[in-house]
Amino acid sequence: MSAPVTHVDADALAEFRAGLITGRRGAKIAAHLASCDRCAALDGQLAGVSALLAAIPAPVVPGHVALRLDTVLAAEVASRNDPERARREPSPQTGVSARRTGSRRFRLPSPRVLTPVAAAAAVVLAAGGYGLSLLASGPGNQFAASSAGSAAKAAASPKGAASRAAAAVPSPLPVSGSHRMSLAGFAVVTSPADFQPAGLGQQVAAAITAAPAASLAQRTSPQLRACVQKVADGDGVIKVIIARYQGHPATIVVVRTGPGDEARVAGPDCSGTNPDVLNHTSLPSGI
Amino acid sequence: MPDPDGPSPSDQELLGRHVAGDADAFGELFRRHRDRLWAVALRTVCDPEEAADALQDAMVSAFRRAADFRGESAVTTWLHRIVVNASLDRLRRRAARPALSAGDEQAFEALVAQDGDPARAADTRLDVNAALQVLPPAQRAALVVVDMLGFSVADAAAILDISPGTVKSRCARARARLLPYVAHLQGNRSASESVQPAQGGDT
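Protein chains in written order, with this note's numbering: chain A, 1 to 287; chain B, 1 to 203.
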C-alpha cells in the first residue's frame with residue numbers, strides 16, 4: 001500500500017473513501033486512481049457496496065413478532081401501572097419476577113397480524129362482546145379500566161368473536177349453588193394468542209400474566225357463563241381467557257383443582273350442555 | 001434521524017409522558033420506530049428468532065430505563081443504541097455456542113441462495129443478508145447503521161458508543177470485506193464493468 005506505483009487494495013481504498021487516509025498517502029492514492037482504470041473500477045465497486053446496501057428495503061416486523069412485543073409491552077405496562085394487581089400478587093414467585101420470566105420466553109405461535117384499530121374492538125363489542133366481556137363486577141375486578149389502545153390490542157380476532165356472538169343463543173343459564181362463588185369471582189380476559197397443543201400450559205400461563213392490560217371490561221354474555229360453568233364442571237374458576245386455539249376461536253377456562261390449576265380449552269361449540277373441551281393441561285401454581 | 005412519522009407529540013414528549021406514568025406513551029413511541037429497530041436487530045444478529053429476542057430485550061430495557069434518558073441525543077438514537085447493544089449481547093451469548101462464526105466464508109457458502117438467478121430483487125436481498133454474516137459483529141453493526149439505515153457517522157458513533165473515526169474505520173473494513181460477496185449483485189444495479197477486486201493485497 002505504501003508504494004504509489006502499485007495498485008491499491010480494497011481495504012486501503014475503502015479507508016481512503018471514508019476519509020481515513022489523508023495527507024501525502026491520500027494524495028498518492030488519489031493520483032493513482034486518476035490514472036489506473038483497474039483501481040478506479042474497484043473504487044467504483046466499493047461505492048456500489050454502500051449504494052447496494054442502502055437500496056435493500058428495510059424489513060417490516062413480522063406479525064407474530066409484533067404481537068409478541070405488544071403482549072410483552074402490555075405486561076410491562078400492567079406491572080407498572082396497576083398497583084392493585086401488584087397488591088393482589090405480592091408473592092415474588094407469582095408477581096413480577098414470574099411474569100418477567102414468562103414474558104421473556106414467551107413465544108406466540110400465531111402468525112396472524114393484528115389490526116390495531118380501536119374501531120375493530122368497538123365492532124366486536126357492538127356485535128355482542130362475547131369474547132370481550134367481564135363476568136364479574138365485584139371486588140378484585142382489576143380489569144375494569146382499559147384504554148383505547150389496549151382495547152385495540154385485545155381485538156385479536158374480531159371476525160371470530162363477532163361470528164361467535166352472532167351464533168350464540170341468548171339463553172341465560174342460571175348460576176346456582178356451589179358454582180356461584182367461583183363464577184362470580186373470576187375475570188374474563190382476552191388474549192391475542194393462538195394457542196397450540198405443544199407447550200399449552202406455558203402458553204396459557206404467559207397469556208394470563210400478559211393479559212390484564214389487554215383486556216376489556218363489559219358485562220358477560222349468558223352463553224359464556226353457561227359454557228364456563230359446563231367446562232368448569234364444579235371446579236373453582238380462576239380465569240377465563242378468550243383467545244384462539246389452533247386458529248379457531250376458543251375459550252380457555254382456568255380452574256383450580258385439587259392438586260393445582262388446570263387450563264381447559266373449549267371450542268366454538270361450547271355451551272351449557274356441551275363443554276366442547278378440545279384440550280386440557282395443568283398449569284404451574286400461583287398463576 | 002428525524003422522526004418520519006412526524007405528527008405531534010414528539011418522541012421526546014412521548015418518552016416524557018411515559019416517565020410521568022402515561023400507560024400508552026411508550027407503546028406509541030416504540031411502534032413508531034419498530035420497523036427500523038427490527039431492521040437493526042435482524043441485520044445485526046442475522047437470525048429472526050434471535051432478533052426478536054433482542055428487540056424484546058431492548059424494548060423492555062428501554063421501557064424500564066426511560067428515566068435514564070438524558071436528552072443528550074435524539075430519542076431514536078437512544079432507542080437504536082439499546083437495540084444494538086441487545087443485539088450484540090445476543091451475539092456474544094451465541095458465540096459461546098459452536099454455530100456460525102462471524103467471518104466464516106464456508107458459512108456464507110452455506111447460506112447464500114444457490115438458485116443462480118441474481119436478477120431477482122429477493123435474491124439480492126438474500127445474498128446481501130447472507131454476505132453480511134461474514135462480517136464480524138462490530139463491523140456489521142456499524143455498516144447496518146450507516147449504510148443500510150442511513151445514519152450519519154456522528155449519530156452512528158452515538159448509537160454504537162464508539163468514536164466517529166472508529167465508525168468510519170469499521171465501515172470501511174466492512175465494505176472492503178463485503179465486496180467480493182456482493183460485487184456480482186452490482187451488475188443488477190449499474191452498468192459498471194466487472195472487475196475482480198484486488199483482494200489479498202497486491203501492493
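Positions of the beta carbon are idealized from the N, C-alpha and C atoms, including for glycine.
Original post:
Does any C-beta atom of chain B lie closer than 7 Å to the C-beta of A/L52?
Top reply: Yes, its Cβ sits closer than 7 Å to a Cβ of chain B.
Original post:
Do the segment 79-87 of chain B and the segment 169-181 of chain B make contact, defined as three or more Cβ pairs closer than 8 Å?
Top reply: Per the Cβ contact rule, the segment 79-87 of chain B is not in contact with the segment 169-181 of chain B (fewer than 3 Cβ pairs under 8 Å).
Subject >> Rounded separation between B/T76 and B/L88 - CA only >> reply: Going from the Cα of B/T76 to the Cα of B/L88 covers about 18 Å.
Subject >> Which residues DSSP lists as bridging A/P249, in chain order >> reply: A/P249 pairs with A/R244.
Subject >> Straight-line gap, A/R104 to B/Q56 (C-alpha atoms, nearest Å) >> reply: Residue confidence for A/R104 is low, a pLDDT of 40 falling below 50, so the modelled location carries little weight; the figure read from the coordinates is stated next. Linking A/R104 to B/Q56 through their CA atoms gives a straight-line distance of about 8 Å.
Original post:
Can you tell me the Cα-Cα spacing of A/A47 and A/A30, whole angstroms?
Top reply: Answer to the nearest angstrom: the Cα atoms are 15 Å apart.
Original post:
Is the CB-CB distance between A/E76 and B/F63 below 7 Å?
Top reply: Remark: C-beta atoms of A/E76 and B/F63 approach each other more closely than 7 Å.
Subject >> Between the CA atoms of B/V167 and B/A51 - distance to the nearest angstrom >> reply: When rounded, the distance between both Cα atoms is 22 Å.
Original post:
Distance, Cα to Cα, B/P136 vs B/S61?
Top reply: Whole-angstrom Cα-Cα distance: 25 Å.
Original post:
Can you list, in chain order, the residues of its chain whose CB lies under 7 Å from that of A/P139, leaving out five sequence neighbours each side?
Top reply: Because the pLDDT at A/P139 is just 36, under 50, the model does not fix this residue reliably, and the value given afterwards should be weighed accordingly. A distance below 7 Å between beta-carbons, with the five flanking residues on each side excluded, links A/P139 to no residue of its chain.
**OP:** Output the boundary residues of the alpha helix (DSSP H) element that contains A/L278.
**Re:** Run containing A/L278: none in the alpha helix (DSSP H); it sits in the beta strand (DSSP E), 277-283.
Original post:
Would you say A/Q196 faces chain B, with C-beta separation under 7 Å as the test?
Top reply: Not closer than 7 Å to any Cβ of chain B, the Cβ of A/Q196 fails to qualify, so no.
Original post:
Got a sec: is the Cβ-Cβ distance from A/E262 to anything in chain B below 7 Å?
Top reply: Chain B contact via Cβ: absent.
Subject >> Chain-order list of residues whose beta-carbon lies under 6 Å from that of B/L14 (same chain, five-residue window excluded) >> reply: For B/L14, same chain residues with a beta-carbon under 6 Å away, outside a window of 5 residues either side, are A25, E28, L29 in chain order.
**OP:** Report the partner residues of A/A263 according to the DSSP bridge assignment.
**Re:** Its beta-bridge partners are A/V254, A/T281.
Original post:
When you compare each of A/P259, A/G258, A/P249 to A/G267 by their alpha carbons, which one comes out closest?
Top reply: The residue among A/P259, A/G258, A/P249 with its C-alpha nearest the C-alpha of A/G267 is A/P249.
Subject >> Sequence-distant residues of the same chain with beta carbon closer than 6 Å to B/A156, five excluded per side >> reply: Contacts found: V145, V146, V167.
**OP:** Identify the continuous alpha helix (DSSP H) that holds A/T273 and give its terminal residues.
**Re:** No alpha helix (DSSP H) holds A/T273; DSSP gives it neither H nor E.
Original post:
Residue range of the alpha helix (DSSP H) that B/R70 falls in?
Top reply: No alpha helix (DSSP H) contains B/R70, which DSSP labels as neither H nor E.
Subject >> Supposed close pair A/V61, B/R34 - CB separation, criterion 8 Å >> reply: That pair is a contact at about 5 Å.
Original post:
Considering only residues of the same chain and omitting the five flanking positions on each side of A/T281, which have a CB-CB separation below 6 Å?
Top reply: Counting only Cβ-Cβ distances below 6 Å, and skipping sequence neighbours, we find L200, G201, A263.
**OP:** Would you mind working out which of B/L149, B/V19, B/A158 sits nearest A/R80, comparing C-alpha positions?
**Re:** Among B/L149, B/V19, B/A158, the Cα nearest to that of A/R80 is on B/V19.
Subject >> B/F151 (DSSP reduced to helix, strand or coil) >> reply: DSSP places B/F151 in the coil class of the three-state scheme, outside both helix and strand.
Original post:
According to the Cβ coordinates, are A/A54 and B/A176 closer than 7 Å?
Top reply: The Cβ-Cβ distance between A/A54 and B/A176 does not fall below 7 Å.
**OP:** Mind reading off the beta-carbon distance from B/V182 to B/V128? Whole number of angstroms is fine, and I expect it under 8 Å.
**Re:** Indeed, because the Cβ distance is near 6 Å, the residues count as touching under 8 Å.
Original post:
Per DSSP, what kind of secondary structure is A/A288 in: helix, strand or coil?
Top reply: For residue 288 of chain A there is no data in the structure shown, the boundaries of chain A being 1 and 287.
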